[in-house]
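Per our numbering: the sequence shown = residues 283 to 531. Built from N, CA and C at the ideal position, the CB exists for glycine as well. Since the structure is predicted, the reported quantities are computational estimates derived from the model, not experimental observations.
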Amino acid sequence: MSSTKKTSLKRTVVCMAIALTVAIGLGAGFINLQSNATPNPAPGQQNTIDSDGFPEVDWEYWQDINPDVVGWITIPDTNINYPIMQAFESDPEYYLKHDIYKNWNPWGVPFLDVQCKDRGLFSSFNAVVYGHNMLDGSMFEHLVNYSDSNFAEAHRDIYLQTPTTKKIYRVYAADVVRGTDPIKRCNFDDVADYRSWRDLRFEDSQMKLSNDASHVSRTITLCTCSHNYWKNERTIVYASPIEDARNSK
Numbered sequence: 283m284s285s286t287k288k289t290s291l292k293r294t295v296v297c298m299a300i301a302l303t304v305a306i307g308l309g310a311g312f313i314n315l316q317s318n319a320t321p322n323p324a325p326g327q328q329n330t331i332d333s334d335g336f337p338e339v340d341w342e343y344w345q346d347i348n349p350d351v352v353g354w355i356t357i358p359d360t361n362i363n364y365p366i367m368q369a370f371e372s373d374p375e376y377y378l379k380h381d382i383y384k385n386w387n388p389w390g391v392p393f394l395d396v397q398c399k400d401r402g403l404f405s406s407f408n409a410v411v412y413g414h415n416m417l418d419g420s421m422f423e424h425l426v427n428y429s430d431s432n433f434a435e436a437h438r439d440i441y442l443q444t445p446t447t448k449k450i451y452r453v454y455a456a457d458v459v460r461g462t463d464p465i466k467r468c469n470f471d472d473v474a475d476y477r478s479w480r481d482l483r484f485e486d487s488q489m490k491l492s493n494d495a496s497h498v499s500r501t502i503t504l505c506t507c508s509h510n511y512w513k514n515e516r517t518i519v520y521a522s523p524i525e526d527a528r529n530s531k
């Protein structure tokens, strides 16, 4: 083999080695980002579900990592089992692009709308929680299935907890809206103002699991991008405390 061919072969081998190294590095980085976006409720411990169906969360650990952790959301038989962060005024969409460790991460982490900060997850008339819809099935991807009443009926219960309270919310409606539609509200003048908003949103919803929404005293609104990205659509899921559903019967 000529010296020219030997040199060319060496260059090819070197280029292939560099490309392989870069690919391995990118793959490891990708896995690390994905892992950081799906934290365990209680790191270093056996994942435990209590008698009410809630995962045991090591609040002290996670709030030491990041004091913005205000809750945890779990929907059984889906991949949704994530912390909920509190958005802050200086950068309300910070957690769309950062994980629980405050590192840049395209998966982000579900977060509570900044306008709900004062009342919190359970005391807000309408607590809005956002999360990405990732192509790998993680984050809030499964929310898009709530447009199907059969799926919604089979996955009605949403388990929400904070360091001091555990509550089960029950889905009563879902909708797909344009991303530019101004339907979000977190602040209301009074109970009557909230009820007016609630009834309008229920009436406009494409998927309904109730005859009406008169039993709903408070709402958790979960929001994610729909699969139809080109139309800039959002899937919205509405749920109320399970006591509301019981009291309606």
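Spatial distance of residue i from residue j (CA atoms)
{"i": "D486", "j": "F407", "result": "19 Å"}
{"i": "K449", "j": "P523", "result": "7 Å"}
{"i": "L308", "j": "M367", "result": "Because L308 carries a pLDDT of 37, less than 50, the predicted location of this residue cannot be relied on, and no value is offered for it."}
{"i": "E423", "j": "N415", "result": "4 Å"}
{"i": "T356", "j": "L482", "result": "27 Å"}
{"i": "A310", "j": "N385", "result": "With a pLDDT of only 43 at A310, under 50, the local geometry of the prediction cannot be trusted, and the value read off the model is given with reservation. C-alpha separation (whole angstroms): 16 Å."}
{"i": "V304", "j": "P388", "result": "Note that V304 scores 34 on pLDDT, short of 50, meaning its location in the model is unreliable; the coordinates nonetheless yield the value given after this. Near 20 Å, if we compare the C-alpha coordinates of P388 and V304."}
{"i": "N493", "j": "P464", "result": "25 Å"}
{"i": "Y376", "j": "T506", "result": "16 Å"}
{"i": "S431", "j": "R452", "result": "13 Å"}
{"i": "R460", "j": "K513", "result": "7 Å"}
{"i": "G419", "j": "R401", "result": "31 Å"}
{"i": "Q316", "j": "G413", "result": "14 Å"}
{"i": "A434", "j": "D332", "result": "24 Å"}
{"i": "R477", "j": "T447", "result": "25 Å"}
{"i": "I306", "j": "H497", "result": "Caution applies to I306, whose pLDDT of 37 falls short of 50 and renders its modelled position unreliable; the value that the coordinates give is listed next. Rounded to the nearest angstrom, the two C-alpha atoms are 54 Å apart."}
{"i": "F393", "j": "F484", "result": "23 Å"}
{"i": "N314", "j": "M421", "result": "15 Å"}
{"i": "E342", "j": "L378", "result": "24 Å"}
{"i": "T320", "j": "T462", "result": "29 Å"}
{"i": "S508", "j": "N348", "result": "29 Å"}
Residue span of the alpha helix (DSSP H) that contains residue i, given as start and end
{"i": "A324", "result": "Careful: A324 lies outside any alpha helix (DSSP H) and carries neither H nor E."}
{"i": "E485", "result": "V473 to D486"}
{"i": "Y376", "result": "Per DSSP, Y376 belongs to no alpha helix (DSSP H) and is neither H nor E."}
{"i": "Q345", "result": "W341 to I347"}
{"i": "L403", "result": "G402 to S405"}
Residue i: CB within 7 Å of a non-hydrogen atom of the ligand PLP
{"i": "E342", "result": "Here there are no bound small molecules, and the ligand PLP is not part of this structure."}
Given residue i as reference, the closest of the options once Cα atoms are compared
{"i": "E371", "options": "C507, A319 and D395", "result": "D395"}
{"i": "G335", "options": "I440, S478, M489 and T517", "result": "I440"}
{"i": "S499", "options": "K513, A474, N314 and Y364", "result": "A474"}
{"i": "D350", "options": "T360, D381, S333 and T320", "result": "D381"}
{"i": "A495", "options": "R480, D373, H509 and T360", "result": "R480"}
{"i": "Q345", "options": "T360, T320, P358 and A324", "result": "A324"}
{"i": "K399", "options": "P337, T320 and A369", "result": "A369"}
{"i": "D373", "options": "Q397, P358 and T360", "result": "Q397"}
{"i": "P337", "options": "P358, L491, K379 and V410", "result": "P358"}
{"i": "R438", "options": "A521, K379, E342 and S508", "result": "A521"}
Residue i, enclosing beta strand (DSSP E) - first and last residue
{"i": "W354", "result": "V351 to T356"}
{"i": "D457", "result": "K448 to R460"}
{"i": "S522", "result": "E515 to P523"}
{"i": "Q443", "result": "D439 to Q443"}
{"i": "L504", "result": "T501 to C507"}
{"i": "A409", "result": "N408 to Y412"}
{"i": "N432", "result": "Unbroken run through N432 is the alpha helix (DSSP H), S431 to A436; no beta strand (DSSP E)."}
{"i": "P365", "result": "N363 to Q368"}
Under 8 Å between C-beta atoms of residue i and residue j
{"i": "N318", "j": "N329", "result": "no"}
{"i": "M489", "j": "A436", "result": "no"}
{"i": "Y428", "j": "V519", "result": "yes"}
{"i": "Y364", "j": "V339", "result": "no"}
{"i": "A502", "j": "L442", "result": "The displayed chain sequence assigns Ile, not Ala, to residue 502. Their beta carbons are under 8 Å apart, which means I502 touches L442 by this criterion."}
{"i": "T517", "j": "L417", "result": "no"}
{"i": "G353", "j": "T444", "result": "yes"}
{"i": "V458", "j": "E515", "result": "yes"}
{"i": "L491", "j": "V411", "result": "no"}
Margin query: Any contact between the region 457–473 and the region 387–407? By contact I mean 3 or more CB pairs, one from each, below 8 Å.
Written below: yes
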